[in-house]
Structures are given as C-alpha cells and as structure tokens.
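S.K.: Got a structure for you, written out below as structure tokens; questions coming shortly.
There are 6 protein chains.
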Amino acid sequence: MFYHVQSLINEIVADEPDPSAANALQEGLGGQFGEMRTMMQYLFQSFNFRGDAVPYLDLIQGVGVEEISHVELITKTISRLLDGSPEYNGKKFEAPGKGKASLGMAKEQQNPHHYIVGAQSALPVDAAGNPWNGSWVHNHGNLVLDLMDNLVLEATGRLQKCRIYQMSENKTLRATVSFLIVRDEAHQAAFAKALETLGVDWGKVLPIPKFDSSQFPEVKRLLDAGIHREQYHFRLDSSQMEKIFSGSAPLNDGTELVTMKEPRESYPIPMMPERPEQFAPGLDPELQDLADAFSEFKDNLLAPKKKLAKSIKKK
Amino acid sequence: MFYHVQSLINEIVADEPDPSAANALQEGLGGQFGEMRTMMQYLFQSFNFRGDAVPYLDLIQGVGVEEISHVELITKTISRLLDGSPEYNGKKFEAPGKGKASLGMAKEQQNPHHYIVGAQSALPVDAAGNPWNGSWVHNHGNLVLDLMDNLVLEATGRLQKCRIYQMSENKTLRATVSFLIVRDEAHQAAFAKALETLGVDWGKVLPIPKFDSSQFPEVKRLLDAGIHREQYHFRLDSSQMEKIFSGSAPLNDGTELVTMKEPRESYPIPMMPERPEQFAPGLDPELQDLADAFSEFKDNLLAPKKKLAKSIKKK
Amino acid sequence: MFYHVQSLINEIVADEPDPSAANALQEGLGGQFGEMRTMMQYLFQSFNFRGDAVPYLDLIQGVGVEEISHVELITKTISRLLDGSPEYNGKKFEAPGKGKASLGMAKEQQNPHHYIVGAQSALPVDAAGNPWNGSWVHNHGNLVLDLMDNLVLEATGRLQKCRIYQMSENKTLRATVSFLIVRDEAHQAAFAKALETLGVDWGKVLPIPKFDSSQFPEVKRLLDAGIHREQYHFRLDSSQMEKIFSGSAPLNDGTELVTMKEPRESYPIPMMPERPEQFAPGLDPELQDLADAFSEFKDNLLAPKKKLAKSIKKK
Amino acid sequence: MFYHVQSLINEIVADEPDPSAANALQEGLGGQFGEMRTMMQYLFQSFNFRGDAVPYLDLIQGVGVEEISHVELITKTISRLLDGSPEYNGKKFEAPGKGKASLGMAKEQQNPHHYIVGAQSALPVDAAGNPWNGSWVHNHGNLVLDLMDNLVLEATGRLQKCRIYQMSENKTLRATVSFLIVRDEAHQAAFAKALETLGVDWGKVLPIPKFDSSQFPEVKRLLDAGIHREQYHFRLDSSQMEKIFSGSAPLNDGTELVTMKEPRESYPIPMMPERPEQFAPGLDPELQDLADAFSEFKDNLLAPKKKLAKSIKKK
Amino acid sequence: MFYHVQSLINEIVADEPDPSAANALQEGLGGQFGEMRTMMQYLFQSFNFRGDAVPYLDLIQGVGVEEISHVELITKTISRLLDGSPEYNGKKFEAPGKGKASLGMAKEQQNPHHYIVGAQSALPVDAAGNPWNGSWVHNHGNLVLDLMDNLVLEATGRLQKCRIYQMSENKTLRATVSFLIVRDEAHQAAFAKALETLGVDWGKVLPIPKFDSSQFPEVKRLLDAGIHREQYHFRLDSSQMEKIFSGSAPLNDGTELVTMKEPRESYPIPMMPERPEQFAPGLDPELQDLADAFSEFKDNLLAPKKKLAKSIKKK
Amino acid sequence: MFYHVQSLINEIVADEPDPSAANALQEGLGGQFGEMRTMMQYLFQSFNFRGDAVPYLDLIQGVGVEEISHVELITKTISRLLDGSPEYNGKKFEAPGKGKASLGMAKEQQNPHHYIVGAQSALPVDAAGNPWNGSWVHNHGNLVLDLMDNLVLEATGRLQKCRIYQMSENKTLRATVSFLIVRDEAHQAAFAKALETLGVDWGKVLPIPKFDSSQFPEVKRLLDAGIHREQYHFRLDSSQMEKIFSGSAPLNDGTELVTMKEPRESYPIPMMPERPEQFAPGLDPELQDLADAFSEFKDNLLAPKKKLAKSIKKK
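Dropping the structure here:
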C-alpha cells in the first residue's frame, strides 16, 4: 500500500521557459529508458517476486518506490520549462479571440501536443512524441537476469541524461537532470552490488558511461553531499535493503553505501499559475464562485473555529 | 514523495489456479480503462494541476495514490491465478528436460506470454495481449473536463469489472474484482461530487452501470461494511479532500461520504513460491549459497545480537 | 457531404451465434486489408486528389462511399454472430449476481474484448486483436501508383475473404463474406479497368486469387444476379465514373461492366435486443421511464395528430 | 447505406500556405480527439446500438454522418495549407533534377511525411506524427456511458480547436477551425441534451471550455447565423433526432435547438493543381494522352450528342 | 555486402503439424527478445560502430550475420509446424466451395492470421500476435553498455527458449529450439567474454538461466558435438573475431572457445507444397502453363544443350 | 545461410553534416516503404515460398539479399550525415561538463533521438520518428499478388526517394539516394518482368513515377554505367534468377536486363570516429588499456610471427 507527502525529492530551480529543453527531457520521463519505465519495471518485478530472498525484493521495490517520486519530479520540471513559454517568446497572451495568435509559437515546436493536448505541461511520451509503452517493462522472473536488465536500464538512463545535460544550459533542466544522474549512479550501485553478492566482480567497467560526472558542476555539488552513495527504502514498516546496499560501492569511486529510510531533505512543490490561453483550469467567474462557495461552506462545517479565526483575521 | 508498506489494500482469497480468468483480469490491470491508466491519469493530472483549487487537487491525487495500491493488488491477484497452473492441469512439473512437456498447457492459453515472457505472473498488457499505452492518459488541463473524463473512466472501469465478475466463479478473482467494483463506486462518487460542487445535478443516472451491485454477494459484504462511501487520502502530511468528499453521495444510494487517511484494515502479502519450470527465481544451489552467505554475513555485521539470538534459537 | 439511409447494402441472414467466426470476420472489418482501410484509403485519395482527371476521381470516391456501407454491413454481421453467444453455449443468463458465471464462456474466447470492452458487438480491431492503424492508409498522390495499390488492396481483400469463407459454414458469416467477395471482384475490375485505360493489358492474371468463385454456392447466386459487374456511384448530384466503369471487364469472365447510381435492392437493419448481462443499453426502469416520458412529450409537441391517432388505436 | 454529394459542409477560405499550421490541424483530423475518431466512434455506436430507444440512436448516428463531412472538410483544409508551400517559401519548382533542391524546406518541417509520403496533402495522423488508432473508438454499449463519453469527446474537440485557433492567424485555418468550434458546441448540446432527457441538470458547467467563443470573430459570424443551434440528420428516409434535439440548449446561451435535414448551404470543392515536384498525379504526356483518348471515346459512346456539340463549339 | 547459400544452419526435423507450437515459437522469431531483434540489434550496432576496436566490431557483426540465418531457420520451422495443419486435424481439403469449411480449425487458433493473412506460414509477430517493433533494437553507442545489453538479450532469448522447449514434445519444434538454446549459450559466451576482456569476472552467474541444459536430450547431442563453444564469423574476407572468441568460456562449463568461418555442416531446405485452400501459390493451369513456357523458353536460350538433353531424355 | 564482406554496395561520398537530411533519409531506412521493409518482405516471401517455381523464388530472394546491403548502405549514410553535426554547427565539443551545452543543437532537431538514444547515428525509425513495424511486411502466399505487392513497394520506394532527392543538395545524401533510385528501377523491372512472364503487358505505365530520372545528374551517371539493368543474385551456390531477369526491360527504356552474381564494384566502409560528447564508444584510458592489452596478447598467441614483424617494424 502506498502513501504520499506533498513535497518533492529535489528542488525545482527557477529559470526561463525552454520548450525544446522540455521536449528533450520528455525522454527521461516517458522514453523507453525513462522514469515511467524504471518505476513500472521495479514495481512489477517486486509485485511478481518469487522465492524468499527478501533483501533482493526489498532492494528492487525500494528503488521502484523512489522512481514514483522521480516521475513526480521530472513531470514538474517539464511543466515548469513549458509554463509561460508562449508569453516568454514575446507573444504575450491577453485573452482568447483578440485576433492575434497568442499560441503562435506552439505550432513551430517539436511536439505541439504540449499546447494542443496538454496545457503547457508534461505528457507520458518520449522526446520523439511516441507514447510510453508497456512492452518496455521487463520482468523475466529470473533474479540474475532481472538484476542485469535493471543495471542496463540504469546505465542507459544515466547515459541519456548525461547527453541531455549537454543539450541546454537552462538551470531548471540541469538541476533536475543532475539529480537524476546522481541517483542513477546510486541505482547502478544498487543493482551491481546485488550481482556482486552473487559473485560478479565488475572490475573497472562501472559506472556506465565511464567518466567523472563531477565535471558537471551541478552534479559535483550533489556528489559532494554524498547523494550518490545513499539509497532510501521509503518503507513505513521496515526493509532488508541494507543487507545488500551497504559496504563499498562497485562503481570505482571509493564510496561506502548507506541505506536510509528517506532523503535527508525534501522540497516544496511550486504551484502552477492559471493559463487562460489554455483554458486551464478554465473556471470562469461563475464556476469559481461555486467552487469558492462550496469550499467556504465546507470549511464552516468541517472546521468552524478555524473559519471563524479566518473571518476575524480578514477584518 | 511516495512511501510504501508491505501490505495489501484487500485480501487475496485462496482458490484454484485459473489462467483464462487471469487473462480476463489483465483488462483491469493493463487495459485502456484499467488500474494502470487510472493511476497514471490521476497522477499526471495532479502533478500538472494549475490554479489554487486545492481541494480538487487533493481529491484527484488522493484517488491516484490509491490506484497504485490497486495496481499492486490486481497484479498479485493475476499472478495468484496463474501460479501453479501447469501443475494444476495435471501435468506436474519435476525437472526440465525429462522429455515431457511440463508447460504443455501454456501454448494453448490465450496469452502464452504469461509463461514465455513472465514466469506465471502478471504483465502490463490488456486481455487481448496489447501492451499498455501512454496515449490513454487523459490530462486536458481544464478542470471540469478532467473531472468528467475521470468520471467516464471510473464508470467504464466499474462496467468492465461487473462484466468480468460474471466470467468466472473463482474466489480469488471475485474477491479482488468485487473490491474494485466497490472502490470504483467510491471513485464515481468522488468525481461526481466534485462536479456537483460546480453545479451539476446528476439526477438518477449514477452509478454507471445503473444496477444494484449488491446482487453480487462478495460486493454486498463490502457495501455492508461501508467501503463504498469511504475515500482515503493516503497523505502523511494533510489533505483538503474532505471538503469535497463528504455529505451525501450522488449515487442514489442514500449514503454519507467519509474521508479517511487510510483504510481501516490492510492485508498480508502472500509469498510466491519458486517455479523451477520457469527458472524463477533460478538461483541454483551455488548461487543460493552465495546469496545466503552474504545475507548471513551482513546480518552479523548489521545486527550481531539478533543473529546471535537466532543461532541460539536454532539449537 | 454525406447522407444516410437506414438500410443495409446486403441482407443479414439468420443463423446461430458463432463467436470465433465473428473474430475471424474482424479481419475483414478492422484488419490491414479490411473495410475500414478500403473506406479510409479511397476517401483520403479522393479528398487529396490532384489534377482534372475527374472520371478517375469519381471512380475512387464512388468505391470509397460504398465501403462505408460495407463497414456498416460487416459490423452488423459480427455483432449478429456474437449476439446471444453466452446463452447459446448453454449458460443462460438470468440476472447479474446470482452466483453463477453467466459470461463464463467469454474468458475462453480469442478476443475477450468482445464481452469486456464491447457488449457482444464488433470492435475496430483485426482477428488477432490489434487495433486498426492509420498507417495502413496509402495515398501516394501518384495516380498510377494509387490505382495499383488499390488493386493490390482489393485483391488481398478478396483473397482473405475466400479464406474466411472456408473457416465456417455459418450462414450469417457466409452470406456477408460472399457478398464482399463479389464486390471485391467488382472493385478489382474497377481499378484494373482504370489502369487498362492507361495502357495496361492484364492478360490472364485477374482476378486474384485466380479461381472460379462460383464454386461457393452463396457467391454463385450473386454472380448469377450480376452483382460483380455493377459499380454504384452513390452520388446525389452526378458522377463520371461510367466513363471508366463500362465495357468489358478485365477479369477474364466475359462480363460487361455497368455503372449505376445505387444497388437495385437494399435490406432492413435488424434491431439488436437488450443484453442485461452486458448492461447494454442498461436503462433501468427509472431511466427507461424518463426516456419514454420525454419521447412521449416530444411526440405530442412535434406531431400531435399522429400521437392522437396512436392513442386512439391503443384503445 | 451512404450517399455523397461533391460539395463541402463549409467554405475553404483562401490564404497563403502554412505548413506548420497544417501540421497543428492534423490533430483535429487524426488526433485522439479528432474528426476521424468522432466519425468512427458514433458510427460504431450506432451500428452496434441495442434496444429500441430510436431517438437516441438517430441522434448519435446523425452526428456520426456529419463527422464524415468534417473529415472531408478538414482534409481539404490541411491539403490547402500545404499546397504550394515549397514554392511559397521562395524555392519555386521547375522540374526535377536541375541540381537544386526544390523541396528543400520539406526536411525542416515537423512532419516531413507531408512531402515524402503524401503529396503536400493531409495524412491520417495527429500533430505529433502518430497514426490514428482504432483503440481510441469508445463504444461501451451502455447508453448513459456512451453519451457521457461522447460529451467528453466533443468537449475535448472544442478545447483543442480553441487552442489551435490561437496558433495561427491564417484565414484558411481559422475559417475551418471556427466552423468546427461551432459544430462542436452543437454536438455538446446534442449529447448534453440527451443526458438531460435522462435526468441530468448541467447547471453552469457547459460548454466546455467555459468561455464566450464569440470573442473569435470568425466564430461570432457563425454563431450569429445560428449554426451552433442546428443539428442535421442527413437522412434520406427519416429520423427521430428531433425528439431530443429541440427545445432549449443546455449550454447556457439561451438558444433554441433546431433539427434539420441538412445545412442551409453547401460549398464548392476547390480543385487541387498538379504538383510535378511530387509526381502528383504524375501523368506524363504519353499517359495523359491515353487518359484523354479513353475519356473522349467514352464520351462519344455515352453521350454522342453532347460530344458533337463540343466538337462544333471547338471550331 | 551480404551473400546467401540456399541451405539451412540446422536441420528441419520432420514431425506432425502443431499450430499452437508454431504460435509459441513465433516469440522466438518476432518477439521482443526473438531472432529478428537480435539480427537487427547486432547489425545496427555494427553499422553504427564508432572507434577502432575492430575485434569487438567483428564479434558483434559476426553474431549478427548468424542471426539472419536463425531468422531463416525459425521461419522455416514455424511454417513446417503450420503446413498441412487443417488437413491434419481431420478436415482434408479438396477444393474451395464444396460447402464444407476446409479451414474450419483456423478460426479456433490463437492467431488466425496464420491462415487468413499468411498461407500456413510464419509471420513477423510475437506469440501474442503483436507485430515486431523497431523500438526493441537497442544501440546505445557506448561499447560496454551495448555489450551488456546484448548479454541480457541472449540470456533472455535462452530463458524463453528453455520455456518453449517444455511446451511441446513435437520434434520439429524441439530440434530447432534446442539448436537455438545452444547457440544462445555460444552468444552469451561471446558477449560475456568481450566484457571479460574489459575486466569483468562473471563468477558463477552464467549461463542465464543457470541450469544444465544437457537435461534436454536434443540439446545434449549438440553440446556433445561442441556446437556451444564455436562462433562463426561468416566473413568472405576476414575477421578479427578470434581475438575475443578464444580461450576459456565464461559459462562455468570448462570449454574452450573456437572461432570458425562457418558451421561444419549445413542442411537442405525442404520445399513447401502448394496449398490450394490458401490459394498459395495460386497459379491456375493457365498461369502455370505461362510460367512453364517462359521457363522452358529461357532454358533454351540460356542453356540449349541442357535443354536438348532433357528433351531426349523425355523420349 | 548468409555471409558478409566488409564492403559497401555503393560509395559514401563526403560532404558536410546535415541532420535534417539525415532525418528525411530515415524514411528510406525505417519507413513503411523503406529498405528494412523491402528486406524483410522479400526474405519472408522467399522463406515461406510454396511450390516449385524456383526462378520466381530465386528472383524474390536475390532482391531480398541485396536489400540487406541497402540497409547497410543507408544506415552508414544517415550516420555520416549526423556525424559531427553538433561541432559543425559552431558548437565545438571539448569535454562534458565545462558548463556549455555542447549538444545544444540536438534539442532543436526533428528527432532528438539521434543524439539522446543513438550516438549521432541511424535509428530503425521513419522520418516522423515512428519505429519500424512488422505489420508492414506483406507476404500473402499468392504468387501473383506477392509480385504485384512487391512492384507497388518498389514503385513507392522510388517515388519517395525521388522526393527526398529534391530535399537536399548534400552530396552524401544524393549519392546514396541516387543509387537507390536506380536500384529501385532495376527492382521494378524485376517484378514487372516476372508478371510479364505470367501474361501482363505493362504498356506505358512504368516506371513509377513516370519521368526521366536521368534529369538527376547523379542518377544519370549510374544509368550510363548500366546499373539499372543489372540484377545480382548474391548466391554462393547458384540461382535461376536469370530465367526471368533477362531480355528486354518492361520499363520503356529500351534496355536489356542482365543477371550477375554481384555488382562489378564494391566500396570501402569509412570508419566512424569516437564522439566523447556521446560517450561513444566511451572506453576511458583504463578500459582502452585493457582492450589493447587483450588484443595485443591475443595477437601474440594467434599470429606470433605477424606480431613479431610488427614489433620490428615499430623500431
């Protein structure tokens, strides 16, 4: 059973809108090696787990739960990169119908769906506009094979994100991508370590791609903070993940792995403003009044004192 | 950010394997109107939410978090229906290679992937074998439209599950399907109520399909327990869901809606046994020893006292 | 602009339900070479037609309009073959929830979607359950190539239907399939003749497949009636189709081609009964009363005299 | 059975080519909520209709027939926006092979298929280049659910077209998009009204999106002409659509609904010129002579007098 | 550049038709981890290879060329398993149209496309009827990652084929599947060895699945012949594959790897008979005469003496 | 069984990078009418061939083998057009992480997958980014129909390539496209001739499109060399292709067809350099040393004398 807190696993850093950066980042969300796949692959593997090797189950599932928070983070990042992009390009929107094309830039974008189908927000598709596909979820049932498949998946995720990092200097993009690069290192460590317990010695090949990611300054800050050697189990009861995720990392970086319940910090979720040109959320004054009245009425019923206090404060 | 406990939102009831029932139930997991879609649709809508109508956001997101637990439940149910099905059909498996076809029944099944690709376990596909597709996630950005789309989705989910209920008397299938029918009623109530706050009067058309689901005995038990009038927010911080989900239900059943943090009860997750004919998990004695030794060693390091106690107990 | 009459282009012949025959026939509806493709291919080719060779345009478009009626016919046929199939298999349905699996046969069918997604009715998919796909519509813009592509399409349609004919003796299936075999001969003649006007001599290769389809008795009756040498333009204004579709057929059968406005006969559309086990249409007494009351009220408003007469007659 | 007249349901307004506007408009043709879907969804629902509630059948089917004409209109509009676009961009085409790249702009477009696969004409794909997919056709069999699904579909269609309207000031695009916005209002009214007859009171939520579309000047002209309160049944026999589509509209605009056989006006279909750079239609002089000769010969046979008159006139 | 000889890489062993075994085997041809994928993945990786590490290129490409011959072998095997299946089931075909359903069994099969679309022959689809998809081809460009991805691919191929082996005792199926199991072991060795050269020590985890495949008697015969320790480069010029594929195998089986130009033996390709019920090849006597006459005539032109000898022999 | 030589069937002509030309050319590789389809379609048709009309089999299969070499050629061409494109656009790459976006142009491209998923190299997708799909392979089993389908396929291939030729003056693109135009003419001749042997007289309609391709100068050079009238069987044993592919061509160009074993010339395969910004191949110095050491060691073992010679030479 799953629970939620309304916070993010990493910060959304403010910068200008950048719709083509948003489109590139879609690969990290809805691509064949993106966060929707990692989330679904690890959840399916853990729901369908056979046998009693509980530490392996807890490792796979713990990473899977983290991936839901990655989907949340990357979705927010894409939406932030898209948000306000029509206005930002010098075509400020006032109200629909004034005869000018307030979304004129939209039809020139790589994926016009960001404006026609979504309301300047993330979609469950990849950077070429193909929808996410369930056939990408690999769950072979064989433990060694599933672990190796997961390692390939994390390695590809890191590779693609290192490429995306180089595609834009936008800070909103780079903050999120850097965090995911570091977490993909941790997840490579997790699955490589699990295979190490079964006798594999990885020598010098990890991490994939084999390069010093601290060359990316945003990544360096996270490495310095040790984010790459932590793994969180996100379990409200308890987890045996630590039996595997501890000791020295197999990534040739000399670190010691640490299992924790959850990250040391979490971050506020920025509210997204209304976008009248998208009719989003599209509550006209009449509907807004209804919504407010209802909310008001319920406030009175549910928490009369709080409401009272609020009325007083208004005065 | 998301958290997990290793329990189920409803009970897995024991019965015989039934692979074609498992295949029908795939529609409820990976079908166009199944739980993977509801989960993704509500999560995307809440991650991309615009404006400050927080109670609506909390309602959509709370239902979305519940759907992850539904994916967990339905996956476990399908796997249970498949588990041991080759043996159950009178073709007991001993060891690969003895010249007899221990998975002989597999090639006659509707979706042989349950045995070739998965290891007698659930897949992210529908009942016709088509993989789940991201284009099914509808997130229009317009609040009224998103709520109506969600109502259509829940109504279709309930309709299809009422049809699936009639396809098999298997208790494992019916227990899960009945629970989902009841929860789909609660979710219809949730989205219909949200539209009611904006001025819609549903008259007599709800729930869809319009019939007394207490005719299904397993459903009746859950209705008697009031499961259909509860909605859980699963928030570790707090939620404004209650502002909408309270008062009288719009489903013509005279109930009062109640918002709670989580269900009153949760249920243990049954372990799935090894299946040597599927090479799942496929740890041969050599690998098993390695896994055990590592686990043992770590136990000693991590919790030397517990380990000691265990050694003593063994004696 | 398009118009409709509520009649069928061929008769639905009564026979027992046969769900696997219905599934095979799905290929003729939603398959890569089925009626949805022919309809869309010819409509796109005619909407996108370049140049002033109007007789060719009118020929392609006229066949395209006929294909919409084929979609109507084949949809009705599939639904007829599915309709009542659960009961027919000895599992008579009474009412949902009585503890027995009234749709028990559904989960054993090749495409359970006929019962879970549809209500014992046709789907826009092929015989392997794959949804119809727009990439199958070929519209090259080059007239000679489009005509050759259409000829290949009609030849494949006829080939597949001749194979389907042999898959079942069910009269409902064979009546429709035979009609489509004969019409595919006419359409082969149409596109082959158009290429003949541009200089091709087909020699002995047509029709494809090259065999005497009058060996199929239901086909023979239609050939005897001359249905294979007629082409209809279905135009309420006028058409130049006749300039091409006249003279001797290029199909090695010695017939003379005739262009007509529409078929000599059309056929009534059988009503499909309610299916409570599918919740289709699912108007409970309460909703039915509303529908009836409204309909009654409108009858009074719109045609008071007719209503009056009806009331009198009831007495 | 279906019929055709060679006229359009709305006018194609002349303006410059605009290939990215054409691409955006593809969403309205081949997108998940475009005209190909509405057409197929309503036709399937009416072909598979169960029970004797004929006015509801006639309403759904009547709208479905109109959608075929919308597919015709939007296809023509897209082709018009593409037609001549290479030349328009300052790269006038003379003849293939002169060493210059006469289609050079094509490879920079969002969907190069408009030039490689089609001949500067519409494709059955969406604005992101994904082909139309049959799984988008929803036909649940349950009348209330089908009507609600249709309402969501029309609402989404209108929402997306209001967004597309803002993406280009091109008159060809805006004329067609505005007509479709107005017709989507009529169709929202149709399905909302049908649900009203079953007891739903829509309050203030319709139309979706909730805004005054008369802010778009091209839309205003159509609203002033009352196009949004008419529904056409396009039946050559007769229809009971009027029983539902009459009385006050549920769209908060104070109009009275009117059922008519067909629109008051129809519009000529502009011929599309040859495009030698696309080899479309690609009849070289040799083939053109054959086509002409054949057509001439047939003219003589079919209408000797008209031909004679023509010969005389030539002198 | 590629060349061909009309022989098979392994023998087609005769046995009865078995259409559901054929369908299961489709996974090995057109499935996500089947031979079409391995072939395309390795060819793309070698065509897109960067850098001068030629032995790695030659290894990947050599395996890729072998996979084309695997596609040939598995296609032939599937077709053999389907060939004559309608007759085999006791419904002997005489000629189309005699009123009996000579392909009656076809509509009951899991994938009716084997009879409707193909002519009792293999299709480029998987065991659930989904067409092969290009997104399954992984070519990351990073050598270590590509090698690991290939190892996962071969491991999954072997796992699935070991499962399929157990699904049928049919000798035609088992002969081919056993050969592919053994070759997948060789290919696991190839990619594991390549990673070993870069420093990985695989310990005990290989092969995947970890079990003694000599338990399958048909596999044992091939292992005894050493087929699992050979790799062929199929190069008409020369190859550096041997630099990697030599020395001890990393599969825990104590063998020495050997690189050879091609397999020691090759096998004749059985001719497939005509199937009149499928209209395949469908040359009626008229067309057959034309084909023969042409062939005869050409024989005379091309090889007059041989022809002469043949004529004399006839007398 | 298949063999390979490390040479190309045509030359890669050097020119500047051009990523949008590369994307257009993807249609010729992974498009519905591209080389991956022709290759797979002809291989499937020949593997599934029925009956004893061996010259037809040898013709289809011979063309199929050539198509593998076309896939090789077009893949290399696309990669060449992409290779170095980021640097070429004025954003020279030094090393990842220096704070500048070295792949900045990538996110503006039509298919960012060329940089995120691939390493500046070809993908198995079409020009709109859709992955290649197995349903495009047509293998009807009926010989006349398969030949006509193949003719339509070759005609469409030539049509699309003639359009692509006009999209760019890049010499790398035009050299390959021109070669493919000429070979598609040869293949049109092959299938048209095969149908001619069965009695079809093509008159004036071929080739499709009907125009003098010698207007393209690069094409003219190849026509002058006679490449369009040759067909290669690529068989290491022997072939009866010549029985069909000889005599006068049916393409209205007055040529005589000639069957040969292989092309007169073949061409070297250019090596692709490392791309550090893509981490391709990504062997860091540590891994490179391992690879070199291993290779060195093996050289010593395998060819001690050659190695010795090399050492001496170094001095």
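These protein sequence lines map, in sequence, to chains A, B, C, D, E and F. So for the first sequence, numbering that gives the first Met the number 0 puts the first residue at 0; every next one is plus one. So for the second sequence, numbering that gives the first Met the number 0 puts the first residue at 0; every next one is plus one. So for the third sequence, numbering that gives the first Met the number 0 puts the first residue at 0; every next one is plus one. So for the fourth sequence, numbering that gives the first Met the number 0 puts the first residue at 0; every next one is plus one. So for the fifth sequence, numbering that gives the first Met the number 0 puts the first residue at 0; every next one is plus one. So for the sixth sequence, numbering that gives the first Met the number 0 puts the first residue at 0; every next one is plus one. Idealized CB from N, CA, C, for every residue including glycine.
In angstroms with no decimal places, state the Cα-to-Cα distance between A/L222 and E/M259.
M.R.: To locate residue 222 of chain A, count along the first sequence from 1; it is residue 223. To locate residue 259 of chain E, count along the fifth sequence from 1; it is residue 260. Their backbone Cα atoms lie some 48 Å apart in a straight line.
S.K.: Name the chain C residues that come within less than 9 Å of F/H69, Cβ to Cβ?
M.R.: Here the question's residue 69 of chain F lines up with position 70 in the sixth sequence. Here the premise fails: no neighbours, minimum Cβ distance about 20 Å.
S.K.: Since E/T258 is in the beta strand (DSSP E), which residue starts that stretch and which ends it?
M.R.: Residue numbering aside, residue 258 of chain E sits at position 259 when the fifth sequence is read from its first letter. Here the beta strand (DSSP E) through E/T258 covers 255-259.
S.K.: For the 8 Å Cβ check, are there 3 or more pairs between the stretch 175-188 of chain B and the stretch 72-84 of chain B?
M.R.: Cβ pair count under 8 Å is three or more, so yes.
S.K.: Looking at the unbroken beta strand (DSSP E) that takes in D/E229, where does it start and where does it end?
M.R.: Residue 229 of chain D sits at position 230 when you count from the first residue of the fourth sequence. From DSSP, the beta strand (DSSP E) with D/E229 extends over 229-231.
S.K.: Taking buried to mean at least 16 other C-beta atoms within 10 Å of its own C-beta, is B/A224 buried or exposed?
M.R.: The count along the second sequence starts at 1 and reaches residue 224 of chain B at position 225. So B/A224 counts as exposed.
S.K.: Can you say whether C/K99 is buried or exposed, counting buried as having 16 or more other CB atoms within 10 angstroms of its CB?
M.R.: Your numbering for residue 99 of chain C matches position 100 in the third sequence. With fewer than 16 Cβ atoms within 10 Å of its Cβ, C/K99 is classed as exposed.
S.K.: Who does A/M271 pair with in a DSSP beta bridge?
M.R.: Counted from its first residue, the first sequence places residue 271 of chain A at position 272. Bridge partners of A/M271: B/R49.
S.K.: Starting from the Cα of F/Q40, find the closest Cα among F/F210, F/V53, F/V64 and give me that residue.
M.R.: Taking the sixth sequence and counting its residues from 1, the one referred to as residue 40 of chain F is at position 41. Selected option, being the one with the closest Cα: F/V64.
S.K.: Spatial neighbours of C/A308 within its chain, please: C-beta separation below 8 Å, excluding the five flanking residues on both sides.
M.R.: Indexing the third sequence from 1 puts residue 308 of chain C at position 309. Unreliable placement is indicated for C/A308, whose pLDDT of 46 sits below 50; the coordinate value is still reported in the next sentence. Nothing listed; no residue qualifies.
S.K.: Per DSSP, B/V124 forms a beta bridge with which residues?
M.R.: Start at 1 with the first residue of the second sequence, and residue 124 of chain B comes out as number 125. B/P130, per the DSSP bridge assignment.
S.K.: Could you tell me which residues DSSP pairs with C/H3 in its beta bridges?
M.R.: The residue you call residue 3 of chain C lines up with position 4 of the third sequence. The partner list for C/H3 (beta bridge, DSSP) reads D/F1, D/R234.
S.K.: Against F/S101, what residues of chain A qualify as contacts under a CB-to-CB distance less than 9 Å, listed in chain order?
M.R.: The sequence position of residue 101 of chain F within the sixth sequence is 102, counting from 1. Going along chain A in sequence order, the residues near F/S101 (Cβ under 9 Å) are Q165, M166.
S.K.: With a threshold of 7 Å between beta carbons, is F/A273 in contact with chain E?
M.R.: Position 274 of the sixth sequence, counted from the first residue, corresponds to residue 273 of chain F. Checking the displayed sequence, the identity of residue 273 of chain F turns out to be Glu instead of Ala. Chain E contact via Cβ: present.
S.K.: Helix, strand or coil: how does DSSP classify C/D145 here?
M.R.: The sequence position of residue 145 of chain C within the third sequence is 146, counting from 1. The answer is helix: DSSP assigns C/D145 an H, G or I state.
S.K.: Take every Cβ of the stretch 146-156 of chain F, pair it with every Cβ of the stretch 153-171 of chain E, and state whether three or more of those distances are shorter than 8 Å.
M.R.: These segments do not touch.
S.K.: Taking a Cβ distance cut-off of 9 Å, strictly less, list which residues of the stretch 204-222 of chain D are near chain I, in chain order.
M.R.: Looking for chain I here will not work: the only protein chains present are A, B, C, D, E and F.
S.K.: So, is the C-beta of E/A154 closer than 7 Å to a C-beta in chain A?
M.R.: Along the fifth sequence, one-based indexing puts residue 154 of chain E at 155. Yes - at least one Cβ of chain A is within 7 Å of the one on E/A154.
S.K.: Taking only three categories from DSSP, how would you classify D/G246?
M.R.: Position 247 of the fourth sequence holds residue 246 of chain D. In this structure, D/G246 counts as strand in the three-state DSSP scheme.
S.K.: If the cut-off is 7 Å on Cβ atoms, which residues from the stretch 121-145 of chain F count as contacting chain C, listed in chain order?
M.R.: Answer set for the stretch 121-145 of chain F: S134, H139, N141, V143, L144.
S.K.: Report yes or no: is there a C-beta of chain A within less than 7 Å of the C-beta of B/R49?
M.R.: Within the second sequence, the letter at position 50 stands for residue 49 of chain B. Cβ-Cβ to chain A under 7 Å: yes for B/R49.
S.K.: What would DSSP say about F/D252, mapped onto helix, strand or coil?
M.R.: Residue mapping note: residue 252 of chain F aligns to position 253 of the sixth sequence, counting from 1. Of the three classes helix, strand and coil, the one that applies to F/D252 here is coil, per DSSP.
S.K.: Can you tell me where the alpha helix (DSSP H) holding E/H186 begins and where it ends?
M.R.: Locating residue 186 of chain E in the fifth sequence gives position 187, counting from the first residue. Run containing E/H186: 170-196, per the alpha helix (DSSP H) assignment.
S.K.: If we define contact as Cβ-Cβ less than 7 Å, is F/G198 a contact residue for chain C?
M.R.: In the sixth sequence, counting from the first residue as 1, residue 198 of chain F sits at position 199. Yes, F/G198 counts as interfacial toward chain C.
S.K.: Got a sec: which bits of the stretch 27-60 of chain C sit with their beta carbon under 7 Å from any beta carbon on chain F, in order along the chain?
M.R.: Correct list: Q31.
S.K.: Say whether chain B places a C-beta atom closer than 7 Å to the C-beta of C/N22.
M.R.: Your numbering for residue 22 of chain C matches position 23 in the third sequence. Not an interface residue.
S.K.: Do D/V204 and B/V199 have their C-beta atoms within less than 7 Å of each other?
M.R.: Taking the fourth sequence and counting its residues from 1, one reaches residue 204 of chain D at position 205. Taking the second sequence and counting its residues from 1, one reaches residue 199 of chain B at position 200. Yes, these two residues count as a Cβ contact at 7 Å.
S.K.: Return no unless some Cβ of chain C is closer than 7 Å to the Cβ of B/S19.
M.R.: As a first step, residue 19 of chain B must be located in the second sequence, where it is residue number 20. By this cut-off, B/S19 is an interface position.
S.K.: Between B/A193, B/P206, B/L56, which has its C-alpha nearest B/D183's C-alpha?
M.R.: Along the second sequence, read from residue 1 onward, the residue named residue 183 of chain B stands at position 184. It is B/P206 whose Cα lies nearest to the Cα of B/D183.
S.K.: Is there a Cβ from chain C that is less than 7 Å from the Cβ of F/M240?
M.R.: For this step, residue 240 of chain F is matched to residue 241 along the sixth sequence. So, not an interface residue.
S.K.: Which one of F/T196, F/A193, F/D211 has the shortest CA to CA distance from F/I180?
M.R.: What you label residue 180 of chain F is simply residue 181 of the sixth sequence in a count that begins at 1. For F/I180, the nearest C-alpha among the options comes from F/D211.
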